[in-house]
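Working notes for the structure below.
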Amino acid sequence: MIIGFLGKGGSGKSTLATAMTEYISHIGKKVLALDADYNMDLSYNLSVSDDITHLGAEAKKDMRTYLDVDDRELYGEIVLHKTEKQFFSLNPMDTFTKKYTEQIRPNLYAMSIGPQPHEVLHGKMCSHGLGAVLKVYLPLLQLGEHEHVIVDEKAGADGVSTGIPTGFDFAVVVVEPTPHGIKTAKQIGELLEYFKTPYGFVVNKVKESTDIEKVKTELNGTVITCIPFGEYIDSACIKDIYEYVKNYRVIRGDMRLQRSIDKFTRNKSV
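Under my numbering, think of the first position of the sequence shown as 9, with each following residue one higher.
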């Protein structure tokens with residue numbers, strides 16, 4: 009199951025992604041923490057080493073080599089024309105995943121797009137290109153019943169507009185009950201609906217009950233849980249989010265690949 013965390017910068021999405029990663033790890037399930045944010049807060053929180061091989065310009069070549077596809081094939085073409093052998097896996101771990109992950113604990117692994125390399129700084133590629141391989145990796149990642157991926161995405165609507173969240177089973181949108189926080193969460197929700205990715209809201213930094221009503225009134229979507237301002241995010245709150253997403257996934261099934269196929273079918277030039 010793949011759970012993505014999205015939200016305005018400073019909303020608490022990285023904190024929640026970290027807490028969810030730790031929770032899943034401590035209940036004995038395998039988890040890959042995927043840091044898709046250039047700020048790398050999730051990587052920092054999990055004490056990922058500086059030696060990890062970041063997803064960058066080389067990852068595109070490595071992915072195509074592993075999948076045995078032509079360098080000129082677009083991401084959409086790879087997903088649409090895949091064969092039964094063109095999938096990724098955590099167990100056994102394929103060569104691409106093995107190269108770009110670091111083991112933190114026996115059942116906890118990390119992957120990161122990293123900071124902007126010289127290819128971005130010198131204008132040879134856009135920073136969005138660092139995580140572009142995730143458009144293929146996430147929908148083609150086959151997971152066992154007890155295997156999970158937690159994705160900490162880029163802040164704001166930018167984390168959705170790349171199209172990467174079609175590879176999520178569920179997107180958790182962290183929203184602050186402020187005018188700007190609600191506006192950003194609404195933008196994120198509308199983009200997720202465009203990509204047909206299921207999502208729900210977690211209201212963070214709640215100071216009074218009217219904050220919750222404000223969010224429920226202005227946002228079109230399910231509020232999974234609310235977290236009081238200044239309080240430590242305890243395991244009970246994380247468990248509520250996890251159980252909600254897990255139950256949703258059981259009912260709806262794994263639609264990641266089909267959702268990505270539908271996306272690329274609508275725009276075969278992507």
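Positions of the beta carbon are idealized from the N, C-alpha and C atoms, including for glycine.
Three-state secondary structure (DSSP) at residue i?
| i | result |
| --- | --- |
| A165 | coil |
| N212 | strand |
| Y240 | coil |
| T225 | helix |
| Y207 | strand |
| D45 | coil |
| T91 | coil |
| R80 | coil |
| D219 | helix |
| L258 | Residue 258 is actually Val in this sequence, not Leu. Helix, per DSSP. |
| V119 | At residue 119 the sequence reads Met, which differs from the Val that was named. Three-state DSSP puts M119 in a strand. |
| G175 | helix |
| E286 | Residue 286 is absent from the structure shown; the chain starts at 9 and stops at 278. |
| S22 | helix |
| M101 | strand |
| K194 | helix |
Quick one: using the 10 Å Cβ neighbour count with 16 as the cut-off for buried, is residue i buried or exposed?
| i | result |
| --- | --- |
| Y117 | buried |
| D58 | exposed |
| S33 | buried |
| F272 | buried |
| P206 | buried |
| H188 | exposed |
| H156 | buried |
| S268 | buried |
Pull up the distance between the alpha-carbon of residue i and that of residue j, whole angstroms please.
| i | j | result |
| --- | --- | --- |
| G175 | M263 | 8 Å |
| D166 | Q195 | 10 Å |
| L149 | K247 | 24 Å |
| K213 | K107 | 38 Å |
| D102 | K69 | 15 Å |
| E110 | A193 | 32 Å |
| K204 | G261 | 14 Å |
Taking residue i and residue j to be in contact with their CB atoms under 8 Å, please state how far apart those CB atoms are, rounded to whole angstroms.
| i | j | result |
| --- | --- | --- |
| I172 | G139 | 6 Å |
| L75 | I112 | Actually they do not touch by this definition, with Cβ atoms about 27 Å apart. |
| G8 | I232 | The question about residue 8 has no answer, for the chain in this structure spans 9 to 278. |
| V181 | L42 | 17 Å between Cβ atoms; not a contact. |
| I241 | A27 | 5 Å |
| A10 | L146 | Per the sequence presented here, residue 10 reads as Ile, with Ala not at that position. With a Cβ gap of about 6 Å, I10 and L146 count as contacting. |
Query - the stretch 155–174 contacting the stretch 33–48, beta-carbon criterion three pairs below 8 Å - result: yes
Report task. Check whether the stretch 210–227 touches the stretch 15–31, taking contact to mean three or more Cβ pairs, one atom from each stretch, closer than 8 Å. Result -> yes
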